Each structure stands twice: as C-alpha cells, then as structure tokens.
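Under the working numbering, the very last position in the sequence shown is 238; numbers go up by exactly one each time.
Read the structure below first, then the notes.
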Amino acid sequence: MAAVQAEPVIIESGPLEPTREELAQRFRQQLGEPPSYVVSERQLASGVLEVTTRYARFCVRPTGQAGQSGVGGNITIAAPCFLY
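The structure is reproduced here in structure tokens:
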C-alpha cells in the first residue's frame with residue numbers, strides 16, 4: 155500500500171445560532187418606527203385641542219392651568235369630542 159500526500163483540509167463554519175446582538179438588531183428592525191396614526195394632535199379654530207388615537211377622538215378645552223401630578227408631571231385629561 156502506497157502513502158499518498160494530500161494538501162491540508164481546512165473546515166470553517168459560522169455560528170449555528172444568531173448572537174444576542176444579531177437577535178436584538180432583528181428585533182429593532184421588526185419594531186421599526188411607530189406608525190403615524192397612533193396619536194395625532196391638532197388645534198381647532200375654537201381653541202380646542204383635538205387628540206386622535208386609533209381607539210377614539212378626544213378633545214381638550216384649554217383651561218389656562220395644567221393639572222399637576224406628583225409623579226407624572228403635568229397631566230391634561232381629554233374627553234370624547236361629542237361632549238364639546
């Protein structure tokens with residue numbers, strides 16, 4: 155039996171599972187930017203602020219004072235627009 159010389163064989167492989175960084179990047183890409191229809195605001199001619207969400211349309215009549223909350227800061231409560 156004769157010996158045969160062969161060139162060395164190099165076997166390379168990549169990671170079988172994505173890294174945490176790759177998973178996080180994919181997650182951020184899938185989330186993307188929030189759609190513009192989530193919340194929109196506009197000032198009506200009467201001074202009422204109209205807030206439209208995907209659930210309902212709310213209106214806030216300016217009072218001149220903003221409500222205060224210890225933890226959350228200024229809070230403005232909006233009511234459904236049909237009350238105005």
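Don't be surprised by glycine CBs; every beta carbon is placed ideally from N, CA and C.
Note that the structure is predicted; figures quoted are calculated from it, not measured.
Environment of residue i [buried if 16+ CB atoms lie within 10 Å]
i    : result
F181 : exposed
Cβ pair residue i, residue j closer than 8 Å
i    : j    : result
C235 : R215 : no
V193 : V205 : yes
E195 : L185 : no
Three-state class that DSSP yields for residue i in the structure shown
i    : result
L170 : coil
E176 : helix
Q159 : coil
R211 : strand
L185 : helix
CB contact below 8 Å: residue i versus chain C
i    : result
R215 : Of the protein chains in this structure there is only one, and it is not chain C.
Nearest residue (CA-CA) to residue i, options the options
i    : options                   : result
Y209 : E171, A160 and A233       : A233
Q197 : L170, C213, I165 and Q159 : C213
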